[in-house]
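Student: Residue numbers (this note's numbering): 1 to 89.
Virtual Cβ for every residue (Gly too), placed ideally from N, Cα, C.
#1: When the distance is taken between beta carbons, is residue 42 closer than 8 Å to residue 91?
#2: I'd like to check one pair, residue 47 with residue 20: are the Cβ atoms closer than 8 Å?
#3: Which class does residue 20 belong to by DSSP, given the choice of helix, strand or coil?
#4: Which of the three DSSP states, helix, strand or coil, is assigned to residue 70?
#5: In angstroms, rounded to a whole number, what distance separates the CA positions of residue 104 and residue 40?
#6: May I have the straight-line CA-CA distance separating residue 17 from residue 74, to the nearest angstrom?
#7: Going by other Cβ atoms of all chains shown within 10 Å of its Cβ, with 16 needed for buried, is residue 88 buried or exposed?
#8: So residue 46 is in the alpha helix (DSSP H); what residue range does that whole segment cover?
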């Protein structure tokens with residue numbers, strides 16, 4: 001049940017980010033000051049980073065543990081390594 005709650009929080013967070021990006025698009029379209037746009041882009045980047053970490057944390061706490069219990073631990077860990085290369089890069 002906790003896993004579902006975390007997913008809902010992440011979806012809510014991503015919806016807020018989506019709205020923020022839409023606002024930035026409107027700022028650019030209306031010719032707002034570039035410095036203001038850059039500040040807002042930095043805020044979105046930070047919000048995306050927080051969402052990435054929340055998803056990673058949820059994956060480590062739930063998905064990896066379940067995979068190990070089901071005997072699929074090594075495959076899941078290998079998949080995680082690939083994902084982390086993209087996550088960090």
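Tutor: Let me lay it out:
#1: Absent from the model: residue 91. The displayed extent of the chain is 1 to 89, so no value can be given.
#2: Start at 1 with the first residue of the chain shown, and residue 20 comes out as number 20. Start at 1 with the first residue of the chain shown, and residue 47 comes out as number 47. Closer than 8 Å, so yes.
#3: Walking along the chain shown from the start, residue 20 turns up at place 20. Residue state, collapsed to three classes: helix.
#4: Numbered from 1 along the chain shown, position 70 holds the residue referred to as residue 70. Residue 70 falls in the coil class under three-state DSSP.
#5: Lying before the first or after the last residue shown, residue 104 is absent from the chain, which here runs from 1 to 89.
#6: As a working note, residue 17 is residue 17 in the chain shown. As a working note, residue 74 is residue 74 in the chain shown. Rounded to whole angstroms, residue 17 to residue 74 spans 34 Å at the Cα level.
#7: Counted from its first residue, the chain shown places residue 88 at position 88. So residue 88 ends up on the exposed side.
#8: Here residue 46 refers to the residue found at position 46 when the chain shown is read from its first residue. 34-58 is the extent of the alpha helix (DSSP H) around residue 46.
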